[in-house]
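**Student:** Residue numbers (our numbering): 7 to 365. The C-beta atom is built at its ideal place from N, Cα and C for all residues, glycine as well.
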Amino acid sequence: MMTTNFNHKNIQESIPESRPPCKRNPSFCFIFLLILSVCFIFYFYTYDFSTNKIFDMLRDLQNSTPATTTDMPTAAPTLKSLHPYFVEYPHKYDFIVNEEHRCQEEITFLALMVPVAPNDHVHREVIRKTWGSERVVLGKNVTLFFLLGLPSGEDRENMQQNLLLESAEHHDLLQSDFVDSYNNLTIKTMVMLEWLNAHCPKATFAMKIDSDAFLNVPNLVKLLLEAPHKNYITGLVRYNSPVVRNTNSKWYVPEEVFAEPVFPPNVLGLGYVFSTDLCSKLVEAAQHVRAVYIEDVYIGMCLKHLGILPTYPPNWSRFYVSTPEPYNCSHYPKLILSLPHNPSHQENLWKNLQSQQCS
Numbered sequence: 007m008m009t010t011n012f013n014h015k016n017i018q019e020s021i022p023e024s025r026p027p028c029k030r031n032p033s034f035c036f037i038f039l040l041i042l043s044v045c046f047i048f049y050f051y052t053y054d055f056s057t058n059k060i061f062d063m064l065r066d067l068q069n070s071t072p073a074t075t076t077d078m079p080t081a082a083p084t085l086k087s088l089h090p091y092f093v094e095y096p097h098k099y100d101f102i103v104n105e106e107h108r109c110q111e112e113i114t115f116l117a118l119m120v121p122v123a124p125n126d127h128v129h130r131e132v133i134r135k136t137w138g139s140e141r142v143v144l145g146k147n148v149t150l151f152f153l154l155g156l157p158s159g160e161d162r163e164n165m166q167q168n169l170l171l172e173s174a175e176h177h178d179l180l181q182s183d184f185v186d187s188y189n190n191l192t193i194k195t196m197v198m199l200e201w202l203n204a205h206c207p208k209a210t211f212a213m214k215i216d217s218d219a220f221l222n223v224p225n226l227v228k229l230l231l232e233a234p235h236k237n238y239i240t241g242l243v244r245y246n247s248p249v250v251r252n253t254n255s256k257w258y259v260p261e262e263v264f265a266e267p268v269f270p271p272n273v274l275g276l277g278y279v280f281s282t283d284l285c286s287k288l289v290e291a292a293q294h295v296r297a298v299y300i301e302d303v304y305i306g307m308c309l310k311h312l313g314i315l316p317t318y319p320p321n322w323s324r325f326y327v328s329t330p331e332p333y334n335c336s337h338y339p340k341l342i343l344s345l346p347h348n349p350s351h352q353e354n355l356w357k358n359l360q361s362q363q364c365s
């Protein structure tokens with residue numbers, strides 16, 4: 007059996023002396039630290055720029071959307087647009103209140119889509135009791151949906167809870183995770199088109215109609231029975247509509263947003279009806295056309311991109327903006343769309359039409 011005698015002194019001498027790298031090579035250490043400092047400074051300024059955007063986004067969400075709780079949904083995290091007259095679309099928005107099967111369970115001829123503010127319970131109830139109550143018209147199925155975003159303000163959590171209760175009762179609310187506001191109407195309309203394309207593929211026609219408008223559904227169905235099923239959109243058609251350059255106007259659009267003096271042909275946003283093949287086409291066009299905040303103008307811009315012109319209604323008097331009073335039997339039975347003065351007026355119009363005094 008062999009034995010080995012260790013000489014600890016020799017082993018210690020054979021191991022090179024362990025010294026810090028900077029003591030062995032000071033110039034190398036200096037260059038390394040210099041490069042590291044430059045990289046750190048570059049990273050700091052680059053990251054600071056993007057972080058400011060994130061801070062701005064979070065600040066906006068904090069001021070305009072509900073706080074994150076187990077009950078209150080949070081708005082989709084969007085960055086600020088480059089210009090206040092543009093809106094954040096295309097963008098992924100999700101539905102937090104949905105009726106995705108309702109339109110697929112029956113063959114829908116006409117889907118009525120009503121953009122409405124979350125707190126506007128009055129108009130929703132009036133519509134449900136009046137023209138929105140018609141489900142089968144001239145043998146055709148009609149479906150009603152209300153489209154809304156997230157509520158804002160101090161009472162937003164209570165408002166959201168009330169919306170959930172309302173949805174459970176009526177099953178006609180569609181709520182997406184953008185903040186509901188006037189400047190987000192374009193987002194609301196595009197989300198509506200996305201929903202129709204995904205969840206209402208069998209519908210032949212759809213109509214976007216404001217919550218304060220009055221609709222004569224039988225007259226609309228009569229019109230659509232003779233309308234084309236492709237590339238069709240009608241209502242109060244506007245050609246050569248001038249761009250508003252007055253900075254005090256609600257519809258002001260600066261030249262850097264839209265340089266031409268007139269808008270492309272479009273249909274007044276109070277109410278327009280369209281063949282549902284346009285849903286996917288308009289969503290696709292929106293990938294190439296920068297979204298402005300005036301929603302009916304933006305739909306016209308997308309139609310121009312597609313090379314599609316709005317169709318004039320057979321009779322201009324069918325779509326009427328100002329509603330005359332008192333009730334006139336020679337006028338109202340022929341209307342398709344009008345604008346009542348208030349919810350009470352809307353109910354009176356409905357009662358007069360249903361009374362069949364005008365024949």
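Within its chain, find whatever has a CB closer than 6 Å to the CB of THR52; leave out the 5 residues flanking it on each side and keep chain order.
**Tutor:** Caution is warranted here: a pLDDT of 45 is assigned to THR52, below 50, making its placement in the model unreliable, and no coordinate value can be reported.
**Student:** Buried or exposed: where does GLN167 fall if 16 or more other Cβ atoms within 10 Å of its Cβ makes it buried?
**Tutor:** So GLN167 counts as exposed.
**Student:** What residue range does the beta strand (DSSP E) around PRO121 cover?
**Tutor:** Unbroken beta strand (DSSP E) run through PRO121: 116-121.
**Student:** Out of SER281, LEU231 and CYS206, which has the shortest C-alpha to C-alpha gap to GLU111?
**Tutor:** Nearest option by C-alpha distance: CYS206.
**Student:** Would you please state the rounded distance, in angstroms, between the beta carbons of PRO316 and VAL128? I believe it to be under 8 Å.
**Tutor:** Not confirmed; about 31 Å, so no contact.
**Student:** Is it buried or exposed for LYS357, if we count other Cβ within 10 angstroms and need 16 for buried?
**Tutor:** LYS357 should be labelled exposed.
**Student:** With the cut-off set at 8 Å, would you say GLU301 and GLY277 are in Cβ contact?
**Tutor:** No, these two residues do not count as a Cβ contact at 8 Å.
**Student:** Look up PRO6 in the DSSP assignment and say whether it is helix, strand or coil.
**Tutor:** Nothing can be reported for residue 6, as the shown portion of the chain is limited to 7 through 365.
**Student:** Just curious, the alpha helix (DSSP H) that ALA209 is in, first and last residue?
**Tutor:** That residue, ALA209, is in no alpha helix (DSSP H); it is neither H nor E in DSSP.
**Student:** In whole angstroms, what separates the C-alpha of GLU175 from that of ASP100?
**Tutor:** Straight-line Cα distance between these residues: approximately 22 Å.
**Student:** What residue does the alpha helix (DSSP H) around ASP302 start on, and which one ends it?
**Tutor:** Unbroken alpha helix (DSSP H) run through ASP302: 301-312.
**Student:** So, do the segment 129-136 and the segment 197-213 have three or more beta carbon pairs nearer to each other than 8 Å?
**Tutor:** Counting Cβ pairs under 8 Å, fewer than three are found: no touch.
**Student:** For ASP126, which residues of its own chain have a beta-carbon under 7 Å away from its beta-carbon, when the five flanking residues on both sides are left out?
**Tutor:** Taken in chain order, the residues that qualify are SER217.
**Student:** Taking the alpha carbon of THR114 as the reference point, which residue from PHE151, THR195, LYS194 and TYR188 has its own alpha carbon closest?
**Tutor:** Comparing Cα-Cα distances from THR114 to each of PHE151, THR195, LYS194 and TYR188, the minimum goes to PHE151.
**Student:** Quick check on the DSSP output: the beta strand (DSSP E) that includes VAL148 runs from which residue to which?
**Tutor:** Note, VAL148: beta strand (DSSP E), 146-156.
**Student:** Give the range of the beta strand (DSSP E) segment to which VAL103 is assigned.
**Tutor:** It spans 101-103 - the beta strand (DSSP E) in which VAL103 sits, taken as one unbroken run.
**Student:** LEU221 by DSSP, collapsed to three states: which one?
**Tutor:** Strand at LEU221.
**Student:** Do you know offhand how far SER281's Cα is from HIS177's?
**Tutor:** Spanning the two alpha carbons is a distance of roughly 24 Å.
**Student:** Comparing C-alpha positions only, which one of ILE102, TYR91 and PHE92 sits nearest to THR80?
**Tutor:** Residue ILE102 is the option with its Cα nearest to THR80.
**Student:** What is the DSSP secondary structure of ASN358, counted as helix, strand or coil?
**Tutor:** Three-state result, ASN358: helix.
**Student:** Can you give me the Cβ contacts of LEU179 inside the same chain, cut-off strictly under 6 Å, excluding the 5 residues immediately before and after it?
**Tutor:** If we look at LEU179 and ignore the five residues flanking it on each side, its Cβ neighbours are VAL103, PHE152 and SER173.
**Student:** Give me the residue from VAL120, GLY159 and TYR304 with the minimum Cα distance to VAL259.
**Tutor:** Closest by alpha carbon: TYR304.
**Student:** Distance, Cα to Cα, VAL227 vs PRO339?
**Tutor:** Straight-line Cα distance between these residues: approximately 14 Å.
**Student:** Does the segment 309-327 come close enough to the segment 188-196 that 3 or more CB-CB pairs lie under 8 Å?
**Tutor:** The segment 188-196 is not in contact with the segment 309-327.
**Student:** Are there 16 or more other CB atoms within 10 angstroms of the CB of LEU242, so buried, or fewer, so exposed?
**Tutor:** Buried.
**Student:** Just how far apart, CA to CA, sit THR253 and PHE264?
**Tutor:** Distance between the alpha carbons of THR253 and PHE264 is about 14 Å.
**Student:** Compare the Cα-Cα distances from ARG141 to each of CYS109, GLY159 and LEU170 and report the closest residue.
**Tutor:** For the residues CYS109, GLY159 and LEU170, the minimum Cα distance to ARG141 belongs to CYS109.
**Student:** What's the C-alpha gap between PRO124 and ILE314?
**Tutor:** The straight-line gap from Cα to Cα measures roughly 33 Å.
**Student:** Cβ atoms of VAL120 and ILE215: under 8 Å apart, would you say?
**Tutor:** Cβ distance < 8 Å, so ILE215 and VAL120 count as in contact.
**Student:** Write down every uninterrupted run of the alpha helix (DSSP H) in the segment 159-215 whose length is 4 residues or greater and which is fully enclosed by it, in chain order.
**Tutor:** List check, alpha helix (DSSP H) in window: 162-176 and 191-205.
**Student:** Start and end of the beta strand (DSSP E) containing ARG244?
**Tutor:** From DSSP, the beta strand (DSSP E) with ARG244 extends over 239-244.
**Student:** Might you give, ordered along the chain, the residues of its own chain that have their beta carbon closer than 8 Å to the beta carbon of LYS236, omitting 5 neighbours on each side?
**Tutor:** For LYS236, where only same-chain residues beyond five positions count, the Cβ hits under 8 Å are SER281 and ASP283.
**Student:** Rounded to a whole number of angstroms, what is the C-alpha to C-alpha distance between LEU221 and LEU202?
**Tutor:** Using only the alpha carbons, I get a separation of about 20 Å.
**Student:** Give the DSSP bridge partners of TYR278, in chain order.
**Tutor:** Answer is LYS214 and GLY241.
**Student:** Run through DSSP, which three-state label would LEU315 get?
**Tutor:** The answer is coil: DSSP assigns LEU315 none of H, G, I, E or B.
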